[in-house]
Amino acid sequence: MSKVKALFATALLLLAVVETKAWDYDIVISTENTSLVYSANKGGDLRFSHYGAKIAPDEVGPLHGIWAGMNRVAYPTYGSEFNVLTSLQVVHADGNTTTFLALKDVATYPASDGEITVITLRDRHYPFEVKLNYHARKATDIIEMWAEITNLEKKPVTLKRMDSGFLPVRRGDVWLTHLHGAWTAETQITSEPLRPGVKSIRNLDGARNGQGDHAEVMLSLDGAPQENVGRVIGAALCWSGNYELRIDTENDFCHNLMAGISTEMSEYRLEPKATFTTPRLAVTYSTEGMSGVSRNFHRWARAGQMHGGSTPRDILLNSWEGVYLDVEETKMNEMMRDFAALGGELFVMDDGWFGDKYPRDKDNSSLGDWVVNRRKLPHGVEGLIEAAKKNGIKFGIWIEPECTNTLSELYEKHPDWVLRAENRDLRLTRGGTQLLLDLSNPEVQDFVFSVVDDLMTKYPDIAYIKWDANTGANNIASPYLSRDKQLQVNIEYHKGLEKALQRIRTKYPHLVMQACGGGGGRVNYGTMPYFDEVWVSDNTDALQRIYMQWGTSLFYPSMAMAQHVSASPNHQTGRRIPMKFRFDVAMSGRLGMEMQPSTMTESEKSFARRAIADYKQVRDIVQFGDIYRLISPYADRGVASLMYVTPEKDRALFFAYKILHYRYQPIPRFSMAGLDADKTYRINELSIPEGKSPSYLHGVKVKGSMLMNVGIEVPLGDEYASRVYELVEVK
Ligand code: GLA
């Protein structure tokens, strides 16, 4: 027998031997197209066996053969494993720093959209339990995992680390894609191959974790990431506070993904009989590239992980870049009148409307004093609501309930309500006076709830609230928490925030709320269950927005992405961009405007009217359709292009943007995706400026297979050229 044949025979024999190894439990957690498999012997370790393609229960045997010697402990604890990073670190009541978990039992419960599997593990010596929970959301291919850690010891134990999930991924040409950025340049995409060592992604802002690094990653298993092909795992940690995602590339078989609350100056004292529940880690797997993973997250978000996921979004005008803090009744009324004339549906009065003793004229005062400033608004909010009604539009308002200023009546009354360290100066932020309230304090939680509750009680017609958070937690110590709990202030802040938001949502389920965090600071799945949308960035420059919206769309659905047309030159970058391009960029998500309409020329107004009317026709495709990203702006091809397709594949909306401009520039052909190959579609060009003709494709009927396999030539001649094509099935 040749050497190769001999090796092959030995491998087969090995496979057969391992295949017969029976485990007491094979736990197969499945969605429509994916499976997560654990195996264990009663009283033994829980081992990870598989995550990815769907596995039928009778296929688990051979799976063990494939993974022989490679399967990892499912939730590694400090002390039980050699030379590995761990997901759970506990100091037990007697000071013992090790934890050895063994399987106690497994239970499965039906859930409305799938199944919840609970695997109970217990320490071999201490009365200390960990329940690993897995919610398989069948239709969206998302599995949410989290741990419930219970202290049954006689005295408190300390949790030094408690990850939400641990996921081994077989080593190969695996690439990590993640989001990073800063204020006015959020959600930039980076992709890199995973190499030996630990990659750590973390955010320590304290209050808003969507600026800087993001708590979501994708792992492309077949080499450099592609949009519509290839196997990809996606993961999103659903937690609004500090976190760390670690990917430890071992020297042998696996990349281990670990995700949880940050341990940076943070630990949790768990009292006897108490349970600590970690945030959820949502994972998904797709064979349709990064866009496939995005579609899973978007469907999951719309099905309940974000608020109001089935309600179409209004087209709004926000007053911020139009008047900034110079809010004043006549201006507000004019803006409402002008926006209604363009076809707008909702007006949002941003910062600047409040403060009595300290009027909010600058950004250095008044946060916390949520009373109308009568000098600016003589007829109050009720007067504005009346005006909105006369114009046939809805009314919304801005608040920043988690913050105060040293120049405020709130701070004068409650100086002990802010986060501050003993014997230290206050760490002041925006305006040189801004502070974060101490949401670990139940009185502060009540106050934050009352900010919304009072507004809604006084003015029940408020349809929309923009909830801002313009400071991180620089003074991360709580006057409320006892000294032995100071290391959990970060966790208590976010639990407190969640409690206030839960109360608000229970009482006001129909109120539309935007999460803003000084731009994109609140773009995370920890807060999404309470918010209908996010403010993507304080940077409204349409060109830079293409990159940020692309990044945000990796994990967040378009209906949740607030995208506003603003003035030219742009206030953040000074760039001059034609109104059509600005509209076409904003129309790929939740369309809005953020400028003073009275400064628009007649031709700009007439274009805006048409674009808004067009958006109303296709809003359902953008807001509820499936995303297919086609050409990435990050690919440096001079253009960017994406599309949305309805679940029935009978309508679609295609966007193309020219993002570079030079002579003899090769513009690529655009191959569409996600259509039905056998259907014929009529192309209908939208957003056409007055006096301009549509491109040659307008009215043309083409088969889905042609659009996807041959592609289309899109005329993009001028600088900042853009095209929007609606595709409608010809029956
Ligand atoms: C933050 C928000 C802006 C605006 C201002 C108001 O920066 O991101 O959109 O609301 O606050 O002060």
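Residues in the sequence shown are numbered consecutively from 23, following the working numbering.
The beta carbon of each residue, even a glycine, is placed where N, CA and C say it ideally should be.
Problem set entry | Completely contained beta strand (DSSP E) runs for the region 211-292, where each covers 3 or more residues | 219-225, 238-242, 254-260, 265-271, 276-283 and 290-292
For this session: Determine the DSSP secondary structure at Y637, reduced to helix, strand or coil.
Result: Translated into positions along the sequence shown, residue 637 becomes position 615. It is helical.
Problem set entry | First through last residue of the alpha helix (DSSP H) which encompasses E707 | The residue given as residue 707 occupies position 685 in the sequence shown. Note, E707: premise wrong, no alpha helix (DSSP H); beta strand (DSSP E) at T702 to L708.
Exercise. With contact counted as at least three CB pairs below 8 Å, one residue from each stretch, are the region 724-733 and the region 690-706 in contact?
Worked result: yes
Problem set entry | Inter-residue spacing [alpha-carbon to alpha-carbon] between Q327 and T162 | Numbered from 1 along the sequence shown, position 305 holds the residue referred to as residue 327. Numbered from 1 along the sequence shown, position 140 holds the residue referred to as residue 162. The alpha-carbon atoms of Q327 and T162 are separated by roughly 11 Å.
For this session: Please name the residue or residues paired with M583 in a DSSP beta bridge.
Result: The sequence position of residue 583 within the sequence shown is 561, counting from 1. Answer is V556.
Exercise. Can you name the start and end residues of the alpha helix (DSSP H) that K435 belongs to?
Worked result: Along the sequence shown, one-based indexing puts residue 435 at 413. Residues E431 to K435.
Problem set entry | Candidates I49, Y290 and L198, of which the one nearest N155 by Cα | Along the sequence shown, one-based indexing puts residue 155 at 133. Checked all of I49, Y290 and L198; the closest Cα to N155 is I49.
Exercise. So I49 is in the beta strand (DSSP E); what residue range does that whole segment cover?
Worked result: Taking the first residue of the sequence shown as position 1, residue 49 is located at position 27. Start and end: Y47 to S52.
Exercise. Just reading off the beta strand (DSSP E) that I513 is part of, what are its end residues?
Worked result: The count along the sequence shown starts at 1 and reaches residue 513 at position 491. No beta strand (DSSP E) holds I513; the alpha helix (DSSP H) holding it covers V511 to K529.
Exercise. Does any heavy atom of the ligand FAD sit closer than 6 Å to the C-beta of D606?
Worked result: The model on display carries the ligand GLA but not the ligand FAD.
Exercise. With respect to 6 Å, is the separation between the Cβ of G540 and the closest non-hydrogen atom of the ligand GLA below this value?
Worked result: Translated into positions along the sequence shown, residue 540 becomes position 518. The answer is yes for G540.
Exercise. Is N492 near the ligand GLA, with its Cβ less than 6 Å from a heavy atom?
Worked result: Sequence index remark: in the sequence shown, residue 492 carries index 470 (1-based). Answer for N492: yes, Cβ within range of the ligand GLA.
Exercise. Using the beta-carbon count (16 or more within 10 Å), is D336 buried or exposed?
Worked result: Position 314 of the sequence shown holds residue 336. Label assigned to D336: buried.
For this session: Leaving out five residues on either side along the sequence, give the residues of the same chain with a beta carbon under 8 Å from the beta carbon of C276.
Result: Along the sequence shown, one-based indexing puts residue 276 at 254. Correct list, in chain order: M92, R94, P190, V191, R192 and R193.
Problem set entry | Contact test: W342 Cβ vs the ligand GLA heavy atom, cutoff 6 Å | Within the sequence shown, residue 342 is the residue found at index 320, counting from 1. Checking the Cβ of W342 against the ligand GLA gives yes.
Exercise. So, are the CB atoms of L216 and T271 less than 7 Å apart?
Worked result: Translated into the one-based positions of the sequence shown, residue 216 becomes position 194. Translated into the one-based positions of the sequence shown, residue 271 becomes position 249. In contact: L216 and T271 (Cβ atoms closer than 7 Å).
Problem set entry | K176, enclosing alpha helix (DSSP H) - first and last residue | Start at 1 with the first residue of the sequence shown, and residue 176 comes out as number 154. Here K176 belongs to no alpha helix (DSSP H), and DSSP marks it neither H nor E.
Exercise. With 16 other CB atoms within 10 Å as the buried threshold, where does P579 fall?
Worked result: In the sequence shown, the residue the question calls residue 579 occupies position 557. When all chains shown are included, P579 counts as buried.
For this session: Would you kindly check if the distance between the Cβ of T180 and the Cβ of R291 is under 7 Å?
Result: Here the question's residue 291 lines up with position 269 in the sequence shown. Here the question's residue 180 lines up with position 158 in the sequence shown. Contact flag set, yes.
Exercise. From G330 to T549, what does the alpha carbon distance come to, in whole angstroms?
Worked result: Looking up residue 330 in the sequence shown gives position 308. Looking up residue 549 in the sequence shown gives position 527. Computed Cα separation, rounded: 13 Å.
Exercise. Buried or exposed: where does V39 fall if 16 or more other Cβ atoms within 10 Å of its Cβ makes it buried?
Worked result: Locating residue 39 in the sequence shown gives position 17, where the first residue counts as 1. Residue placement at V39 is poorly supported in this model, since its pLDDT is 40, which falls under 50; the coordinates still yield a value, given next. Its Cβ having fewer than 16 others within 10 Å, V39 is exposed.
Exercise. Since G314 is in the alpha helix (DSSP H), which residue starts that stretch and which ends it?
Worked result: For this step, residue 314 is matched to residue 292 along the sequence shown. Element bounds for G314: G311 to W322.
Problem set entry | Three-way DSSP call (helix, strand, coil) for I407 in this model | By 1-based counting over the sequence shown, the position of residue 407 is 385. Correct three-state label for I407: helix.
For this session: State the CB to CB distance for the pair Y97 and T120, rounded to an integer number of angstroms; the pair is presumed to be in contact (CB under 8 Å).
Result: Working through the sequence shown from its first residue, we reach residue 97 at position 75. Working through the sequence shown from its first residue, we reach residue 120 at position 98. About 14 Å separates the two Cβ atoms, so there is no contact after all.
For this session: Return yes when at least one heavy atom of the ligand GLA lies under 6 Å from the C-beta of D372, else no.
Result: Position 350 of the sequence shown, counted from the start, is the residue given in the question as residue 372. Yes, Cβ of D372 sits closer than 6 Å to a heavy atom of the ligand GLA.
Exercise. Does the region 224-241 come within contact of the region 583-596, defined as at least 3 CB pairs closer than 8 Å?
Worked result: no
For this session: Could you spell out where the alpha helix (DSSP H) holding M478 opens and where it closes?
Result: As a first step, residue 478 is located in the sequence shown; it is residue number 456 there, counting from the start. Unbroken alpha helix (DSSP H) run through M478: P464 to K480.
For this session: Can you give me the Cβ contacts of W45 inside the same chain, cut-off strictly under 7 Å, excluding the 5 residues immediately before and after it?
Result: Looking up residue 45 in the sequence shown gives position 23. Excluding residues within five positions, the ones whose Cβ falls inside 7 Å are S61, A62 and N63.
Exercise. What's the gap between the Cα of D606 and the Cα of L708?
Worked result: To locate residue 606, count along the sequence shown from 1; it is residue 584. To locate residue 708, count along the sequence shown from 1; it is residue 686. For D606 and L708, the distance between alpha carbons rounds to 9 Å.
Problem set entry | Sequence ranges, beta strand (DSSP E) only - wholly within the region 179-213, length at least 3 | 179-192 and 197-204
Exercise. Just to confirm, does D348 get its C-beta within under 6 Å of one of the non-hydrogen atoms of the ligand GLA?
Worked result: Translated into positions along the sequence shown, residue 348 becomes position 326. Flag unset: Cβ of D348 not near the ligand GLA.
Exercise. Do D560 and the ligand GLA come close, with the Cβ less than 6 Å from some heavy atom?
Worked result: If you number the sequence shown from 1, residue 560 lands on position 538. Yes.
Problem set entry | Cβ neighbours of L752 in the same chain (closer than 6 Å, five flanking residues each side left out) | What you label residue 752 is simply residue 730 of the sequence shown in a count that begins at 1. The sequence given here places Val at residue 752; Leu does not occur at that position. If we look at V752 and ignore the five residues flanking it on each side, its Cβ neighbours are T702, R704 and K723.
Exercise. When DSSP labels each residue in this structure, what does Y547 get in the three-state scheme?
Worked result: Position 525 of the sequence shown, counted from the start, is the residue given in the question as residue 547. Note: Y547 maps to coil in three-state DSSP.
Problem set entry | The alpha helix (DSSP H) enclosing S727, as first and last residue numbers | By one-based count along the sequence shown, residue 727 stands at place 705. Where S727 is concerned, the enclosing alpha helix (DSSP H) stretches over G726 to N731.
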